[in-house]
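Each remark here refers to the structure printed beneath this line.
Residue numbers (the working numbering), protein chains in the order written: chain G, 84 to 174; chain L, 9 to 142.
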């Protein structure tokens, strides 16, 4: 029982606060590279949050979503960096 | 009894995730932000997924969670290296108190490593550049 209290009142709020901090960096980010790294971190945090949520609801099916999210996150980071390296002027 | 193990894993995972978020917000430099986030986020999500795998305790779910962890461990350094290289080529600034930039002058403007080219190629490239920009 204490596991559920911990997940509800500690793990999920801590993840939520961490996501808000990352959103502040996406808003501030001086260069476009900071924003891409923050986006990558946000997707990785989403995977952790999905893992917590699947424990709370006792539904292991949610882990499939996490797997697809990991794939998409890696692909988006690689695509962004590939085309940003080709670009001539970065802000 | 096993609840204690889950509690420890979830707590450490959440705290490491929070450390990654604070790091990306507070670090002064792009490269420092990159080094904090890639390491910390992999460990944080990895521990949470490990906790989920041990909680369900079915081979099916365990395989799935371990596959995600393996994928994260394999791909996070590759993505970090690619975005770091793109940022260096895009001239992201170092911190003002940075002492050393070991890559400075090692790449020519076409993003090829200078040390990988022979002297003849280097001369040809320089001549080409001189032709383009008289």
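Don't be surprised by glycine CBs; every beta carbon is placed ideally from N, CA and C.
task = Take residue 50 of chain L as the anchor and find which of G/168, G/110, G/157, G/136 has the nearest alpha-carbon.
result = If you number the second chain from 1, residue 50 of chain L lands on position 42. The shortest C-alpha separation from residue 50 of chain L is found at G/157.
Residue 137 of chain G, buried or exposed, once every other Cβ within 10 Å from all chains shown has been counted against 16 = If you number the first chain from 1, residue 137 of chain G lands on position 54. Classification of residue 137 of chain G: buried, given that the 10 Å Cβ count is 16 or more.
request  = Would you list, in chain order, the members of the segment 110-136 of chain G that have their beta-carbon closer than 7 Å to a beta-carbon of chain L?
outcome  = Listed by position along the chain: 114, 116, 117, 119, 120, 121, 123, 124, 127, 128, 130, 131, 134, 135.
ask   = Which value, in whole angstroms, describes the spacing of the CA atoms of residue 88 of chain L and residue 166 of chain G?
value = Locating residue 88 of chain L in the second chain gives position 80, counting from the first residue. Locating residue 166 of chain G in the first chain gives position 83, counting from the first residue. Answer to the nearest angstrom: the Cα atoms are 15 Å apart.
message = Please classify residue 105 of chain L as buried or exposed, where buried requires at least 16 neighbouring CB atoms within 10 angstroms.
response = Within the second chain, the letter at position 97 stands for residue 105 of chain L. If you draw a 10 Å sphere on the C-beta of residue 105 of chain L, you find fewer than 16 other C-beta atoms in it, and that means exposed.
query = If you draw a straight line from the C-alpha of residue 112 of chain G to the C-alpha of residue 119 of chain G, how long is it?
reply = Position 29 of the first chain, counted from the first residue, corresponds to residue 112 of chain G. Position 36 of the first chain, counted from the first residue, corresponds to residue 119 of chain G. Going from the Cα of residue 112 of chain G to the Cα of residue 119 of chain G covers about 9 Å.
query = Whole-angstrom Cβ separation of residue 80 of chain L and residue 134 of chain G, contact assumed at under 8 Å?
reply = Here the question's residue 80 of chain L lines up with position 72 in the second chain. Here the question's residue 134 of chain G lines up with position 51 in the first chain. That belief does not hold up - the Cβ atoms of residue 80 of chain L and residue 134 of chain G are roughly 11 Å apart, past 8 Å.
ask   = residue 163 of chain G: buried (16+ other C-beta within 10 angstroms of its C-beta) or exposed?
value = The sequence position of residue 163 of chain G within the first chain is 80, counting from 1. Around the C-beta of residue 163 of chain G, 16 or more other C-beta atoms lie within 10 Å, and the residue is accordingly described as buried.
message = So the candidates are G/131, G/101, G/144; which of them puts its Cα closest to the Cα of residue 121 of chain G?
response = Position 38 of the first chain, counted from the first residue, corresponds to residue 121 of chain G. Taking only the C-alpha atoms, the option nearest residue 121 of chain G is G/101.
Chain L contact for residue 140 of chain G (CB, 9 Å cutoff) = If you number the first chain from 1, residue 140 of chain G lands on position 57. Using a CB distance cut-off of 9 Å, residue 140 of chain G does not count as an interface residue toward chain L.
ask   = So the alpha helix (DSSP H) residue 145 of chain G belongs to, where does it begin and stop?
value = In the first chain, residue 145 of chain G corresponds to position 62, counting from 1. Note, residue 145 of chain G: alpha helix (DSSP H), 145-169.
query = Since residue 63 of chain L meets chain G, which of its residues come closer than 7 Å, beta carbon to beta carbon?
reply = In the second chain, the residue the question calls residue 63 of chain L occupies position 55. For the C-beta of residue 63 of chain L, the chain G residues within less than 7 Å are, from N- to C-terminus, 138.
task = Could you tell me if residue 88 of chain G is buried or exposed, where buried requires 16 or more neighbouring beta carbons within 10 angstroms of its beta carbon?
result = Residue numbering aside, residue 88 of chain G sits at position 5 when the first chain is read from its first letter. The Cβ neighbour count for residue 88 of chain G, taken over all protein chains shown within 10 Å, is under 16; the residue is labelled exposed.
query = Should residue 46 of chain L be labelled buried (16 or more other beta-carbon atoms within 10 Å of its own) or exposed?
reply = Position 38 of the second chain holds residue 46 of chain L. With 16 or more other Cβ atoms within 10 Å, it is buried.
request  = At 8 Å on the CB atoms, spell out the chain G contacts of residue 7 of chain L, in chain order.
outcome  = Residue coverage of chain L in this structure runs from 9 to 142, which leaves residue 7 of chain L outside it and unanswerable.
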